[in-house]
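So the sequence shown is numbered by my numbering: it starts at 1238 and just counts up by one.
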Amino acid sequence: MDPTVLFLSHGGGPLPLLGDAKHLEMNETLLKIASKIPKPDVIILVSAHWEEDIPTLTAASDPSLIYDYYGFPEASYAIQYPAKGQPDFARGLKEQLQKEGIKTNLSFERGFDHGMFVPLKIMYPEADIPCVQLSLASSLDPEFHVKMGRSIKKLQYDSDNILLVGSGFSFHNMKAFFAKGNSDMNQMNLDFDVWLQATMSSRDISEEDREENLIRWNEASSAEFCHPRNEHLLPLHVCYGAAGRPSDETFSCQIFEKQASMFLWNAAQENC
């Protein structure tokens, strides 16, 4: 299949759905992206908020929501997003991943975490698109996650109108989010973001070098400051594995007063 592929930065917990001023640009960016791409028949979503020793797919027909955040207003725990699951699609995706040597499990109990329902409630508020979530591997190995994305693309399905979403954050240093007016931290945020945008969008980089740069992401300027742990970056590796080319569009916005990036690959284009 040739899916539309999107890496998005999903902000802080439920705040994008609560009218938080520091997430307005993010919400506007997600709405802009949704207006640019065909409404999908099925969404595959890789969330930074789910890790398993063996990559696992949601396989319930009606997954519940997991309010996997703490200390927010009461309204945060009443958010609804009744999107359906797609068990047959999940089974087919499991078979495809296992054909490629990636052992995969199905979970009939796991619900949708906020890495799924927060951005999708902004993009597709009707909740009328079935969704399957795929976990990260708890090894957090970048090369493995590129391979996982490459394997997803090989899935044979009766619709090419699939959206693969990597839901993470291009910057994820929790201490830095709450450090006010620190110019050094802001510069490190910008340094890494410049590197990330160039890596994902430049057409002057070979795909071999692009993949190597992503795998060795921690060698980039300020990388380990921006990602003390890489779970919010790895959904991008899955996206790149599935796309295999420079992004078609890059979107920049401020989230929590930090520079953030999102990357879109349109479907039905030749690799270049």
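Where a beta carbon is used, it is the ideal one built from N, C-alpha and C, also for glycine.
From residue i to residue j, what distance separates their C-alpha atoms?
{"i": "H1409", "j": "K1259", "result": "15 Å"}
{"i": "G1455", "j": "L1471", "result": "Strictly speaking, residue 1455 in this sequence is Asn, with Gly absent from that position. In a straight line, the C-alpha of N1455 is about 12 Å away from that of L1471."}
{"i": "I1280", "j": "I1399", "result": "6 Å"}
{"i": "I1389", "j": "Q1333", "result": "7 Å"}
{"i": "N1539", "j": "I1274", "result": "In the structure displayed, the chain extends from 1238 to 1509; residue 1539 sits before or after that span and is not available."}
{"i": "F1354", "j": "S1344", "result": "18 Å"}
{"i": "L1392", "j": "A1497", "result": "31 Å"}
Between which two residues does the alpha helix (DSSP H) harbouring residue i extend?
{"i": "H1382", "result": "1379–1390"}
{"i": "E1444", "result": "1444–1452"}
{"i": "L1357", "result": "1351–1360"}
Considering only their Cβ atoms, is the gap separating residue j from residue i smaller than 8 Å?
{"i": "A1285", "j": "F1406", "result": "yes"}
{"i": "C1476", "j": "F1500", "result": "yes"}
{"i": "V1383", "j": "L1243", "result": "no"}
{"i": "K1268", "j": "I1359", "result": "Note that residue 1268 is Leu in the sequence shown here, rather than Lys. Yes. Within cutoff."}
{"i": "A1320", "j": "V1369", "result": "no"}
How would you label residue i, buried or exposed, when you count the other beta carbons within 10 angstroms and need 16 or more for buried?
{"i": "R1453", "result": "exposed"}
{"i": "I1291", "result": "exposed"}
{"i": "M1385", "result": "buried"}
{"i": "L1255", "result": "exposed"}
Along the chain, where does the beta strand (DSSP E) that runs through residue i open and close?
{"i": "E1288", "result": "1279–1289"}
{"i": "F1244", "result": "1241–1246"}
{"i": "F1500", "result": "1495–1502"}
{"i": "S1404", "result": "1399–1405"}
Counting only the same chain and skipping the five closest in sequence on each side, list residues whose C-beta sits under 7 Å from that of residue i.
{"i": "E1468", "result": "A1285, E1288, L1373, L1377"}
{"i": "P1465", "result": "N1410"}
{"i": "A1457", "result": "F1429, W1432"}
Can you give me the Cβ contacts of residue i inside the same chain, cut-off strictly under 6 Å, excluding the 5 residues immediately before and after it?
{"i": "Q1491", "result": "E1262"}
Go through its chain and collect everything with a Cβ distance to residue i's Cβ below 8 Å, but skip five positions before and after it.
{"i": "F1309", "result": "G1250, P1251, L1252, L1255"}
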